[in-house]
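Peer 1: Let me begin by handing over the structure; questions about it come next.
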Amino acid sequence: MSLLETRMWFYFLAASYLDVGIEAIHFGQVGLMDNNDPGHAGWLDMLGRVRAYAHQHARRHLVLCDAHTPTGGYVENGHLLFDVHAFPLRIVGVTNEPYKGILQVGYADSIFKRSKGGITPSGWSCEHLPYLVEFDNFGSHNPGKPSQSPFIWGWDEITWFALMPEADRNQWLHYAWNWVKDTDPIGHLEMPGSRVLRAGNPDGPRWYWANTRSAACPGGFNTEQTIKEIWQADR
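The working numbering runs 1377 ahead of the 1-based position in the sequence shown.
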């Protein structure tokens, strides 16, 4: 991000999204793109330009920016770089209970109870910035075998989730929603809508869609109704 060309490219993409009505943008893995950016000067420059463009052109003159924050967040002089933090769930495989996974504070680099606070880009202050946790997707390694983070039983998180029986999958979504809400109320489970899969075998599914299975979406995983139930119950 210290390179001018990189900042221009990010700005161009963000402006293009804002022009078609997008109001929230995920900026990826900051930790892999700031090794030559002391004080996050490049990030602050790029994000400032994106927010200035949004102020003039976005539907509600605002854009919400988030990114992966393995450190718990990025803060410079008391000011947070992002409007909300985000990170994978980091699901723990339960020993001697094949394919079972749970959530746990302090496992690997999970963000639970670690989100940093400060002054947000929109001007309000917090001790801990709200964050999203997602079903990560990155590949598989010895699928079906015991494994350590970031894998869960040899799969990435969304593939592990998708390969569950439908009833177990829907029950686990309820479990994860309630666990995050009860454990760290500033955290929010990002529902899996559409995600690439890495099943690790030729016959495995290649994409996850939450949609109810139908002629229009024959590859749907029937999670749509469960997501609806969870959101409605939380109103």
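Cβ atoms here follow ideal geometry from the backbone N, Cα and C, with glycine treated the same way.
Would you mind stating whether H1417 and E1453 have Cβ atoms separated by less than 8 Å?
Peer 2: In this structure, E1453 lies closer than 8 Å to H1417 by Cβ.
Peer 1: At 3 residues or longer, and completely inside the segment 1554-1608: list those beta strand (DSSP E) runs for me, N to C.
Peer 2: If we require 3 residues or more, the beta strand (DSSP E) runs fully inside the segment 1554-1608 come out as 1564-1566, 1571-1573 and 1584-1586.
Peer 1: Flag this pair as touching only if the segment 1533-1547 and the segment 1491-1505 have three or more C-beta atom pairs under 8 Å; answer yes or no.
Peer 2: The segment 1533-1547 is not in contact with the segment 1491-1505.
Peer 1: Report back the beta-carbon spacing between D1411 and M1378 to the nearest angstrom; my notes put them in contact at under 8 Å.
Peer 2: Confirmed, Cβ separation roughly 6 Å.
Peer 1: Which partner residues of A1401 appear in the DSSP bridge assignment?
Peer 2: Its beta-bridge partners are L1441.
Peer 1: Is it true that the CB of F1512 sits closer than 8 Å to the CB of F1367?
Peer 2: Any question about residue 1367 goes unanswered here, given that the chain covers just 1378 to 1612.
Peer 1: Roughly how many angstroms separate the alpha carbons of D1422 and N1413, rounded to a whole number?
Peer 2: The alpha-carbon atoms of D1422 and N1413 are separated by roughly 14 Å.
Peer 1: Under the assumption that A1587 contacts P1562 (Cβ atoms under 8 Å), give the Cβ distance between them as a whole number of angstroms.
Peer 2: Not really, about 24 Å apart at Cβ, beyond 8 Å.
Peer 1: Using the three-state DSSP reduction, which class does V1633 fall into: helix, strand or coil?
Peer 2: With the chain running from 1378 to 1612 in the structure shown, residue 1633 is simply not present.
Peer 1: Considering only C-alpha positions, which residue in the set A1429, Y1394, I1535 and H1434 is nearest to R1583?
Peer 2: Answer by Cα proximity: I1535.
Peer 1: Which residue wins for smallest C-alpha separation from V1407, given the options D1396, R1437 and L1458?
Peer 2: Comparing Cα positions, the closest option is L1458.
Peer 1: Alpha carbons only, please: which of G1450, L1380 and H1456 is nearest the one belonging to K1493?
Peer 2: Of the candidates G1450, L1380 and H1456, the one whose C-alpha sits nearest the C-alpha of K1493 is G1450.
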